[in-house]
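To start, the structure itself, in structure tokens.
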Amino acid sequence: MSDLKTFLEIQVITSDARFFEGTLQGYDKSTNIILGNCIERILYSEEENEDNQVIPLGVYIMRGGEIVCIGEVDEDKYKSIDWMMIKAEPLKGTKNPL
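Each residue of the sequence shown is one higher than the one before, starting from 9 at the first, in the numbering used here.
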């Protein structure tokens, strides 16, 4: 594991359409990851008329097979976002039905 890739702030979308943020603390060749200071963000649409949620999770381990997308957080842009004001349509899951 390269020390250059650890301790990055990242965002993760999973195959069941969940959205996580945290500090990348470790990973392996199967894309299993360990996130520190992890939170889950739940964003609601205008129609749902609910407040967005932030759920603190602490240290969180994610299986690579459940991860759809990992992106590095741009700290400058991130600071300008008011996450409680953003409204979004729910993501659809990517799991294939059996």
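No residue lacks a Cβ here, since even glycine has one placed at the ideal position from N, Cα and C.
Note that the structure is a prediction, hence the values are computed from the model and not measured.
Check the DSSP bridge columns for residue i and list the partner residues they point to.
i   : result
E29 : Q19, I47
I42 : G34, I69
With a threshold of 8 Å on Cβ separation, who are the neighbours of residue i within its own chain once the five nearest residues in sequence on each side are excluded?
i   : result
E74 : T22, S23, D24
Do residue j and residue i have their beta-carbon atoms positioned less than 8 Å apart in this structure?
i   : j   : result
N40 : W91 : no
I69 : I47 : no
L51 : I78 : no
V76 : I18 : no
E97 : S38 : no
Between which two residues does the beta strand (DSSP E) containing residue i stretch?
i   : result
E80 : 75-80
G66 : 61-70
Within its chain, find whatever has a CB closer than 7 Å to the CB of residue i; leave out the 5 residues flanking it on each side and keep chain order.
i   : result
G44 : G30, T31, Q33, V67
L65 : C46, I47, E48
What residue range does the alpha helix (DSSP H) around residue i cover?
i   : result
Y86 : 83-87
Does residue i have its Cβ less than 8 Å from a Cβ in chain B?
i   : result
E58 : The displayed structure is made up of one protein chain only, and chain B is not part of it.
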